[in-house]
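K.L.:
One structure, pasted below without further comment.
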Amino acid sequence: MISEEKPRRKGGRTRKREQIKNAVPVHHPPLVRKIPIYEVLNEEGVELVHDFAMRVLEQVGCDFRDEESLDFWRKTDAEIDGQRVRVGRDSLMELVGHAPSSYIQHARNPERTVKVGDGHTVIAPSYGPPFVLDMDGERRYATLDDLNNFQKLNHMASSVHIAGGPIVEPVDIPVPCRHLHMAYSGLKYSDKPIVGNVTARNRAEDTVEMMKIVFGEQFATNHTVTSSLINGNSPLVWDSTMLDALKVYAQNNQAVLVSPFSMTAASTPASNVGTIGVVVAEALIAIALAQIVRPGCPMLFGLPSMTVALNTGAPVHGSPDSAMVQLMANQMARRYRLPHRAIMNVATSKCVDIQAGYDSMWGIMPCFLSEANWLTMSGGLIEGSLTQSYAKTLIDFEQLDAFYHFAQGNSFDDLEEIFETVKHVGPGGHFLGEAHTRKSNLFIFPSQNNVTYEQWEADGKKDSARVGLDRARDWLNRYEAPAMDRSLDQALLEFIRKKTRELPKTVT
Numbered sequence: 004m005i006s007e008e009k010p011r012r013k014g015g016r017t018r019k020r021e022q023i024k025n026a027v028p029v030h031h032p033p034l035v036r037k038i039p040i041y042e043v044l045n046e047e048g049v050e051l052v053h054d055f056a057m058r059v060l061e062q063v064g065c066d067f068r069d070e071e072s073l074d075f076w077r078k079t080d081a082e083i084d085g086q087r088v089r090v091g092r093d094s095l096m097e098l099v100g101h102a103p104s105s106y107i108q109h110a111r112n113p114e115r116t117v118k119v120g121d122g123h124t125v126i127a128p129s130y131g132p133p134f135v136l137d138m139d140g141e142r143r144y145a146t147l148d149d150l151n152n153f154q155k156l157n158h159m160a161s162s163v164h165i166a167g168g169p170i171v172e173p174v175d176i177p178v179p180c181r182h183l184h185m186a187y188s189g190l191k192y193s194d195k196p197i198v199g200n201v202t203a204r205n206r207a208e209d210t211v212e213m214m215k216i217v218f219g220e221q222f223a224t225n226h227t228v229t230s231s232l233i234n235g236n237s238p239l240v241w242d243s244t245m246l247d248a249l250k251v252y253a254q255n256n257q258a259v260l261v262s263p264f265s266m267t268a269a270s271t272p273a274s275n276v277g278t279i280g281v282v283v284a285e286a287l288i289a290i291a292l293a294q295i296v297r298p299g300c301p302m303l304f305g306l307p308s309m310t311v312a313l314n315t316g317a318p319v320h321g322s323p324d325s326a327m328v329q330l331m332a333n334q335m336a337r338r339y340r341l342p343h344r345a346i347m348n349v350a351t352s353k354c355v356d357i358q359a360g361y362d363s364m365w366g367i368m369p370c371f372l373s374e375a376n377w378l379t380m381s382g383g384l385i386e387g388s389l390t391q392s393y394a395k396t397l398i399d400f401e402q403l404d405a406f407y408h409f410a411q412g413n414s415f416d417d418l419e420e421i422f423e424t425v426k427h428v429g430p431g432g433h434f435l436g437e438a439h440t441r442k443s444n445l446f447i448f449p450s451q452n453n454v455t456y457e458q459w460e461a462d463g464k465k466d467s468a469r470v471g472l473d474r475a476r477d478w479l480n481r482y483e484a485p486a487m488d489r490s491l492d493q494a495l496l497e498f499i500r501k502k503t504r505e506l507p508k509t510v511t
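Under this note's numbering, the residues of the sequence shown are numbered 4 to 511, in order.
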C-alpha cells in the first residue's frame, strides 16, 4: 500500500536557514580536543631546537633595555654586560619551571571563567589594528564606536571565550587615556574575561586598578583576572615599555602572553628551524624574568609567526612556512610545560576575497591541529593585521565554530543505532528522513551558499563579503548587553573621569 504523501510546506528550507541564522547565541566552554596532536618534529628535533636556543642565550645573549629589569637579573648568576644578559641553561630552566602549566582566568560573569592550558583552549579576539573596513566598504581609522561594536560581536560569538582588549585602536580617543576606554569597553559590552593594556607602565597599572574595582581588591590580588600581550623586538631585544607591562602584571599575578615579534628572513633567520630557535630563546628569557619578579605567576609562550616576502620585503600572514613555525612552537611550549599562544585568522589580503580565506586557513589550521591553548585573532583581520573587517569577522566566526566542531573528533556512542538505521534503509534507499538523521549534529554553516544558482541569483547574487556584512548588521541589531551592576558601572566611569583629569592631554 502506498501511503498518502503529506503536502510539503512551502518555505521550509528558507525557514530552517532563518532559524539557524537567528538562533540565540550559545557560549561554548573552552575547547578540550578529542583529536590527535599533529607534530612536525620528532623528539630529536625538539631537543635540537632547545639546544640551539640555549646556546643563543649562553653565547649571544639578549638585550634588556630597562635598568629595573637588569637589577632583577643581577639577583641571579646571569652574566650582565651593559644591557646584554647571558644566562646558563640550568639557571634559565629552573626559573621557567616556576611558571604554571595552566591557570584560571576569571570573568565578571563566573559562567564565563576559563581554564587556559593543560589541554584547555580558549579563543580570543583580534588585537590592535588602527583601521577598519566598515559597513560601507570604506577603509578608515577605527573609532570607539567600532571598538564597542566588535566587543558586541565577540560577545555573541559562540566559540570566542575572551573579550577585548584592543580589538581595534579607537583613534578618536586621545592616546594618554585611550587604554581606560579600551578596558571599559571589554567590561561593559561583554562579561567574558578581558585582555589588558601594555603600552606603558601606568596603563598596565590602571588596568589592574580597574580589575580591582570589578572583582574587589583582595580577589583581584590573589586571582588572575586579565591576560595581556607583550611583543619582543626580534632579534633578541626586550624594550622598557614591554618589560614594564610584564613586571606590573607579573607582580599582580596576572597572565602575560610573551610573544617575540618574529618575521622569518627579516628579524629572524631565513629558516623555519632558525626562527623557532631564536624565538624560543627570546620568549623563555622573558618568562624567566617574570618568575624572578614573582615566582609562579602565569605566563604563555607564543609568537606571531610571520614570514617576509623576499620579493617585496613585506610581512606575510598565511603561508606554509608560518604554519610550520606555529606547529613547532606548540611542541616547544609543551616541552617546557607552558601554555601556548598562537594566532589564527590574519590575512595579508587587502579585501575580503579568496586570498583572505586562504591566508587565514594557513593560520587557523595549525592552531587546531596543534594543542595551542590561547588562540588569538579570532576573526576579521586583513592587510597583515592593520585592518579589521566587519564582514570578515563574521565569516571567520563561522570557521571557528566549524573547527571547534572538528576538534570534537568522532563519536562511536550511537554505532548500534546507526547499524539499525542502515538495516532499515537497506540497499537503494536514502537516509534523509530517518530519525537518526533528524537528530544529527552534522555541522551546518549558517552563511554557506549551498543553494542552486537560480536561488542564489534570486537572493541577490551575494558574495561572501556581502553575506558577512549582512550578518554583522543582523548581530548588532540583535545584541543584548550582559547585565552589569549600576554601582559597578558608575565606579568604573568615575575612575575613568578621575584618571582623564590627571593624565596629560597629549603624548610627550
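The C-beta atom is built at its ideal place from N, Cα and C for all residues, glycine as well.
So H158 and P485 are supposed to be a Cβ contact under 8 Å. How far apart are they, rounded?
P.N.:
Contact holds; Cβ gap of about 7 Å.
K.L.:
Ignoring anything shorter than 4 residues or poking outside the stretch 57–136, list the alpha helix (DSSP H) runs there in chain order.
P.N.:
Listed in chain order, they are 70–76 and 92–99.
K.L.:
Take G387 as the anchor and find which of G131, E220, W76 and T124 has the nearest alpha-carbon.
P.N.:
Comparing Cα-Cα distances from G387 to each of G131, E220, W76 and T124, the minimum goes to G131.
K.L.:
Among all the DSSP beta bridges, which residues are the ones paired with S392?
P.N.:
Looking at the DSSP assignment, S392 forms a beta bridge with L136.
K.L.:
Would the stretch 300–307 count as touching the stretch 343–361 if we require 3 or more Cβ pairs under 8 Å?
P.N.:
At 8 Å Cβ cutoff, the stretches touch.
K.L.:
Hey, could you find the ends of the beta strand (DSSP E) N151 is sitting in?
P.N.:
Careful: N151 lies outside any beta strand (DSSP E), inside the alpha helix (DSSP H) at L147 to M159.
K.L.:
Work out the CA separation of L232 and Q493 for me, nearest whole Å.
P.N.:
Looking at the two C-alpha atoms, the distance is approximately 28 Å.
K.L.:
Work out the CA separation of T229 and E42 for me, nearest whole Å.
P.N.:
Roughly 30 Å between the two C-alpha positions.
K.L.:
Inspect the beta-carbon positions of P128 and V163 and report whether they are closer than 8 Å.
P.N.:
In this structure, V163 lies closer than 8 Å to P128 by Cβ.
K.L.:
Distance, Cα to Cα, P169 vs L472?
P.N.:
Each residue's alpha carbon lies about 21 Å from the other.
K.L.:
Which whole-angstrom value describes the C-beta separation of F498 and I176, a residue pair presumed to lie in contact below a C-beta threshold of 8 Å?
P.N.:
Between I176 and F498 the Cβ distance is about 16 Å, and since that is not below 8 Å, they are no contact.
K.L.:
Tell me the rounded alpha-carbon separation between E401 and L147.
P.N.:
Cα to Cα, E401 sits roughly 25 Å from L147.
K.L.:
Span of the alpha helix (DSSP H) holding N314?
P.N.:
That residue, N314, is in no alpha helix (DSSP H); it is neither H nor E in DSSP.
K.L.:
Under a Cβ-count criterion, where at least 16 other Cβ atoms within 10 Å of its own Cβ denotes burial, should L435 be classed as buried or exposed?
P.N.:
Exposed.
K.L.:
Taking the DSSP output, what are the residues bridged to D242?
P.N.:
The partner list for D242 (beta bridge, DSSP) reads R68.
K.L.:
Shortest alpha-carbon distance to V125 belongs to which of V510, F371 and D362?
P.N.:
Nearest of V510, F371 and D362 to V125, Cα basis: F371.
K.L.:
In whole angstroms, what is the alpha-carbon distance linking T202 and L260?
P.N.:
T202 and L260: Cα-Cα distance of roughly 14 Å.
K.L.:
Inspect the beta-carbon positions of R68 and D242 and report whether they are closer than 8 Å.
P.N.:
Against a cut-off of 8 Å, the Cβ pair of D242 and R68 comes out as a contact.
K.L.:
Considering only C-alpha positions, which residue in the set G383, R58, V59 and R87 is nearest to E70?
P.N.:
When each option's Cα is compared against that of E70, the closest is R87.
K.L.:
Return the Cβ separation of R283 and D66 in integer angstroms, given the expectation that the two are a contact with Cβ distance under 8 Å.
P.N.:
Note that residue 283 corresponds to Val in the displayed sequence, not to Arg. Actually they are not in contact, since the Cβ atoms of V283 and D66 sit about 17 Å apart, beyond 8 Å.
K.L.:
Is G233 helix, strand or coil when you go by DSSP?
P.N.:
The amino acid at residue 233 is misidentified as Gly; the sequence shows Ile. Strand.
K.L.:
Using DSSP with H/G/I as helix, E/B as strand and the rest coil, what is G436?
P.N.:
If DSSP states are grouped into helix, strand and coil, G436 belongs with coil.
K.L.:
With respect to the beta strand (DSSP E) encompassing T379, which residues constitute its N-terminal and C-terminal limits?
P.N.:
Run containing T379: W377 to T379, per the beta strand (DSSP E) assignment.
K.L.:
In the structure shown, what three-state DSSP assignment does P318 receive?
P.N.:
Note: P318 maps to strand in three-state DSSP.
K.L.:
Which of the three DSSP states, helix, strand or coil, is assigned to T227?
P.N.:
Strand at T227.
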